[in-house]
Amino acid sequence: MIMVTGAAGALGTLTADRLAARADTVLGTRDPGRLQAGRAVRRIDFDEPATLADGFAGVEVLVLVSAGYGEDDTVIARHGAALDAAERAGVGHVVYTSLTADGDHLPYALAHRWTERRLRCGSTGWTILRNGLYAELLGALAAPSAEGRITAPLGDGRLAAVARADLAEVAAHVAQHPGAHAGRVYELVGEQAIGGADLARAHGPHVTYEPQTLAQARAHAAASGAEPFQTPMLVGTCSAIAAGFLDRTGGDLRRLLGRAPRCPLTAALAGS
1 MIMVTGAAGA LGTLTADRLA ARADTVLGTR DPGRLQAGRA VRRIDFDEPA TLADGFAGVE
61 VLVLVSAGYG EDDTVIARHG AALDAAERAG VGHVVYTSLT ADGDHLPYAL AHRWTERRLR
121 CGSTGWTILR NGLYAELLGA LAAPSAEGRI TAPLGDGRLA AVARADLAEV AAHVAQHPGA
181 HAGRVYELVG EQAIGGADLA RAHGPHVTYE PQTLAQARAH AAASGAEPFQ TPMLVGTCSA
241 IAAGFLDRTG GDLRRLLGRA PRCPLTAALA GS
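In terms of full-length UniProt numbering, the sequence shown is residues 1 to 272.
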């Protein structure tokens, strides 16, 4: 049996869709009512570890989609509870959606690295998918205003962005062939690095790129009603892109997909 956690989130949903033809796939989420009727669903709430023992029963391969929405201690507690329960339930293999190594500069990297270390020290088999940042995220961060201005503080930096659908396809593939990928760490970054000026051109001649400063972005995020932990996440992401730490491309994605990755600009515009 394969379980996909976080199945109500975007990456989890896409991964589950790619496994929908398999009768042995079950979806895990804290809110089963949000999922399409007729699919096998179990309540899995990382914040309530008591739900996990029964939830993971009979699961052979667990696709652990990162529960990264929160402070580091919150995310570490969630992932730790999930892995403890998976080991007790006899799960044989965990496929973990982590963060690209170049993302070590990002404010949310620590919980991913903790989880990778926990997997290596545990008793389950594992595969670590170090996902690059989503093209759709970049499209949302650098969406043009009603006046046609992109003001995200990306400077001249670029991101080796990845379409979320490609990452879901890889996760589903690895989950179906865990033995072939046991003990492997894959860097799933894109093959094309794109930035604010590229997005402006892709939107059309009516859109311009006029980046703001990080301080302006921080003030705007804080005034938007964002959670306290979200503002440094947003600003840190933009800062790392602007400084050129996330523009390195790679080939693991193509090798695992067996084809060229989706165009990041197309995915970014679709998600903006």
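All C-beta atoms, glycine included, are put in the ideal place defined by N, C-alpha and C.
For a quick check, are the C-beta atoms of A16 and V4 less than 8 angstroms apart?
Here the question's residue 16 lines up with position 16 in the sequence shown. Here the question's residue 4 lines up with position 4 in the sequence shown. Yes, the pair counts as a contact, with Cβ atoms nearer than the cut-off.
Own chain, CB closer than 6 angstroms to G103, minus 5 neighbours either side, in chain order:
The sequence position of residue 103 within the sequence shown is 103, counting from 1. Here the set comprises A109.
Tell me the residue span of the alpha helix (DSSP H) that contains T213.
Position 213 of the sequence shown, counting from 1, holds the residue named residue 213. Segment: none, T213 is in no alpha helix (DSSP H) and carries neither H nor E.
By the DSSP assignment, the beta strand (DSSP E) with C64 in it spans what residues?
The residue labelled residue 64 in the question sits at position 64 within the sequence shown. Rather than Cys, the amino acid found at residue 64 in this sequence is Leu. It spans 61-65 - the beta strand (DSSP E) in which L64 sits, taken as one unbroken run.
Counting C-beta neighbours from all protein chains within 10 Å, is the total for D31 16 or more, i.e. buried, or is it exposed?
Here residue 31 refers to the residue found at position 31 of the sequence shown. Exposed, by the Cβ-count rule.
Would you kindly work out how many angstroms separate the C-alpha atoms of F56 and A175, rounded to a whole number?
Indexing the sequence shown from 1 puts residue 56 at position 56. Indexing the sequence shown from 1 puts residue 175 at position 175. Answer to the nearest angstrom: the Cα atoms are 15 angstroms apart.
Residue from H203, A171, V189, G148 whose Cα sits closest to the Cα of L133
To locate residue 133, count along the sequence shown from 1; it is residue 133. It is V189 whose Cα lies nearest to the Cα of L133.
Residue range of the beta strand (DSSP E) that includes V235:
Position 235 of the sequence shown, counted from the first residue, corresponds to residue 235. No beta strand (DSSP E) holds V235; the alpha helix (DSSP H) holding it covers 230-242.
Specify whether the region 69-81 and the region 151-161 touch according to this definition: at least 3 beta carbon pairs, one from each stretch, less than 8 angstroms apart.
no
Could you check where the beta strand (DSSP E) with E227 kicks off and where it finishes?
Numbered from 1 along the sequence shown, position 227 holds the residue referred to as residue 227. Premise fails: E227 is in no beta strand (DSSP E) and is neither H nor E.
Starting from the Cα of G9, find the closest Cα among G250, V61, V65, G33 and give me that residue.
Along the sequence shown, read from residue 1 onward, the residue named residue 9 stands at position 9. Per the Cα distances, V65.
From I150 to P107, what does the alpha carbon distance come to, in whole angstroms?
Locating residue 150 in the sequence shown gives position 150, counting from the first residue. Locating residue 107 in the sequence shown gives position 107, counting from the first residue. If you take the alpha carbons of I150 and P107, they lie about 24 angstroms apart.
Spatially closest choice to L129 from L256, H220, L265, T13, by CA coordinates:
For the purposes of this step, residue 129 is taken as the residue at position 129 of the sequence shown. L129 has its Cα closest to that of L256, out of L256, H220, L265, T13.
Compute the Euclidean distance between the alpha carbons of V235 and A222, then round it to the nearest angstrom.
Counting from one through the sequence shown, the residue named residue 235 turns up at place 235. Counting from one through the sequence shown, the residue named residue 222 turns up at place 222. Cα to Cα, V235 sits roughly 10 angstroms from A222.
Entirely within the region 128-198 and at least 4 residues each: give me those alpha helix (DSSP H) ranges in chain order.
135-141, 164-176
Cβ-based neighbour list, Y193, same chain, cut-off 7 angstroms, excluding 5 preceding and 5 following
As a position in the sequence shown, residue 193 is number 193, starting the count at 1. In the sequence under discussion, the amino acid at residue 193 is Ala, which differs from the Tyr named in the question. These residues qualify, in order along the chain: R158, L159, A160, D247, T249.
Please state if the CB of D166 and the CB of R262 are separated by a distance shorter than 8 angstroms.
Taking the first residue of the sequence shown as 1, we reach residue 262 at position 262. Taking the first residue of the sequence shown as 1, we reach residue 166 at position 166. Yes, they are a contact pair.
Would you tell me roughly how many angstroms separate the C-alpha atoms of E87 and M1, rounded to the nearest one?
Translated into the one-based positions of the sequence shown, residue 87 becomes position 87. Translated into the one-based positions of the sequence shown, residue 1 becomes position 1. Looking at the two C-alpha atoms, the distance is approximately 15 angstroms.
Contact belief for P153 with Q230 at Cβ below 8 angstroms, rounded distance in angstroms
Counting from one through the sequence shown, the residue named residue 153 turns up at place 153. Counting from one through the sequence shown, the residue named residue 230 turns up at place 230. Contact flag wrong, Cβ pair sits at about 16 angstroms.
What would DSSP say about G271, mapped onto helix, strand or coil?
In the sequence shown, counting from the first residue as 1, residue 271 sits at position 271. In this structure, G271 counts as helix in the three-state DSSP scheme.
Quick one: is E195 buried, meaning 16 or more other Cβ sit within 10 Å of its Cβ, or exposed?
Against the sequence shown, residue 195 aligns to sequence position 195. A small fix is needed here, since residue 195 is Gly in this sequence, not Glu. By the neighbour-count rule (16 or more Cβ atoms within 10 Å), G195 is buried.
Compare the Cα-Cα distances from L269 to each of T97, V41, L141 and report the closest residue.
In the sequence shown, residue 269 corresponds to position 269, counting from 1. Looking at the Cα atoms, L141 is the closest of the given residues.
Taking the alpha-carbon positions, what's the P232 to R218 distance?
As a working mapping, residue 232 is identified with position 232 in the sequence shown. As a working mapping, residue 218 is identified with position 218 in the sequence shown. Approximately 8 angstroms, taken between the alpha carbons.
L257, DSSP secondary structure in three states
Counting from 1 along the sequence shown, the entry for residue 257 is found at position 257. Looking at L257 - three-state DSSP - the assignment turns out to be helix.
Among C238, D24, R43, which residue has its Cα nearest to the Cα of G155?
The residue labelled residue 155 in the question sits at position 155 within the sequence shown. With distances taken between Cα atoms, G155 lies closest to C238.
Below 8 angstroms on the Cβ atoms is my contact criterion, and I expect E116 with H93 to pass it. Report the Cβ-Cβ distance as a whole number of Å.
In the sequence shown, counting from the first residue as 1, residue 116 sits at position 116. In the sequence shown, counting from the first residue as 1, residue 93 sits at position 93. 15 angstroms between Cβ atoms; not a contact.
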